[in-house]
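What follows is a single structure, written as structure tokens, with notes after it.
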Amino acid sequence: MQRMKNKNKNKNKNKNKNKNNNNNNNNNNNKLTWFEWYTRVPRVWDPTDHQKKSKSCHVVAFIKPFLQEGFTLDVKAEGYKDQVLDAGHRAEDTVLEFLKARDIKAKGPGSVLRMLRPLHRSGVLDERIIAYKRLLAIGSIEDPAPADTQDILAVVGHV
Numbered sequence: 015m016q017r018m019k020n021k022n023k024n025k026n027k028n029k030n031k032n033k034n035n036n037n038n039n040n041n042n043n044n045k046l047t048w049f050e051w052y053t054r055v056p057r058v059w060d061p062t063d064h065q066k067k068s069k070s071c072h073v074v075a076f077i078k079p080f081l082q083e084g085f086t087l088d089v090k091a092e093g094y095k096d097q098v099l100d101a102g103h104r105a106e107d108t109v110l111e112f113l114k115a116r117d118i119k120a121k122g123p124g125s126v127l128r129m130l131r132p133l134h135r136s137g138v139l140d141e142r143i144i145a146y147k148r149l150l151a152i153g154s155i156e157d158p159a160p161a162d163t164q165d166i167l168a169v170v171g172h173v
């Protein structure tokens with residue numbers, strides 16, 4: 015009887031450990047998703063894992079409009095990975111600040127995406143999307159990702 019109790023306690027401890035580790039790992043994954051999108055070889059946008067490509071593409075697409083000054087990612091530059099990290103940090107900080115101002119506590123890429131989609135549908139992101147498209151048009155954004163992944167968010171029309 016005592017052995018069964020100890021086994022159950024150990025199982026519960028392991029479950030709690032795994033739960034805590036998963037929560038900690040999801041906190042800063044927006045910038046990691048961003049970093050992986052631009053630096054992983056083979057590229058995330060290459061047709062390997064379609065589900066991962068789709069999720070990464072949408073996370074990156076939804077956080078790009080939060081880089082209000084634009085960004086430059088030059089694959090040939092010596093500090094390319096540093097450029098990617100810097101842009102990813104700036105984007106994540108701005109997105110989380112934006113969500114926090116609306117009392118939304120999402121942090122991981124999946125939950126941030128789930129929270130931003132309804133905001134996009136309601137037109138809350140329209141001004142940011144318009145500003146992002148303007149930056150793209152004037153060349154303030156240098157993005158090595160394929161063109162079909164750069165401008166996927168449409169203005170809903172509530173501006």
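For the sequence shown, our numbering assigns the number 15 to the initial residue and increments by one for each residue that follows. Here a beta-carbon is modelled for each residue, glycine too, at the ideal position from N, C-alpha and C. Note that the structure is a prediction, hence the values are computed from the model and not measured.
{"Item": "Could you tell me the alpha carbon to alpha carbon distance between aspartate 157 and glutamine 164, rounded to whole angstroms?", "Value": "8 Å"}
{"Item": "Cα separation between cysteine 7 and arginine 54?", "Value": "This structure gives no information on residue 7, because the portion of the chain shown stretches from 15 to 173."}
{"Item": "For glutamate 2, which of helix, strand or coil comes out of DSSP?", "Value": "The requested residue 2 does not occur in the structure, where the chain is confined to residues 15 to 173."}
{"Item": "Pick helix, strand or coil for asparagine 34, following the three-state DSSP scheme.", "Value": "Because asparagine 34 sits at a pLDDT of 44, beneath the cut-off of 50, its placement in the model cannot be relied upon, and the following sentence gives the value as read from the coordinates. Three-state DSSP puts asparagine 34 in a helix."}
{"Item": "Is the region 136-154 in contact with the region 75-86, if contact means three or more CB pairs nearer than 8 Å?", "Value": "yes"}
{"Item": "Look at the alpha carbon of leucine 167 and the alpha carbon of alanine 115, and state the distance between them as a whole number of angstroms.", "Value": "22 Å"}
{"Item": "Report yes if the C-beta distance between glycine 102 and serine 154 is below 8 Å; otherwise report no.", "Value": "no"}
{"Item": "Which term fits glycine 122, buried or exposed, when burial requires 16 or more other beta carbons within 10 angstroms of its beta carbon?", "Value": "buried"}
{"Item": "Let me confirm a value: lysine 45 is counted as buried when at least 16 other C-beta atoms fall within 10 Å, else exposed. Which label applies?", "Value": "buried"}
{"Item": "Can you give the Cα-Cα distance for phenylalanine 112 and alanine 75, rounded to whole angstroms?", "Value": "16 Å"}
{"Item": "So isoleucine 152 is in the alpha helix (DSSP H); what residue range does that whole segment cover?", "Value": "140-152"}
{"Item": "Given threonine 108, which residues of its chain have a CB within under 6 Å of its CB, disregarding the five upstream and five downstream residues?", "Value": "Phe80"}
{"Item": "Check isoleucine 118 in the structure and name its three-state DSSP category.", "Value": "coil"}
{"Item": "Given that a residue counts as buried once 16 or more other Cβ atoms are within 10 Å of its Cβ, and exposed if not, what is valine 98?", "Value": "buried"}
{"Item": "Cα separation between valine 170 and alanine 91?", "Value": "36 Å"}
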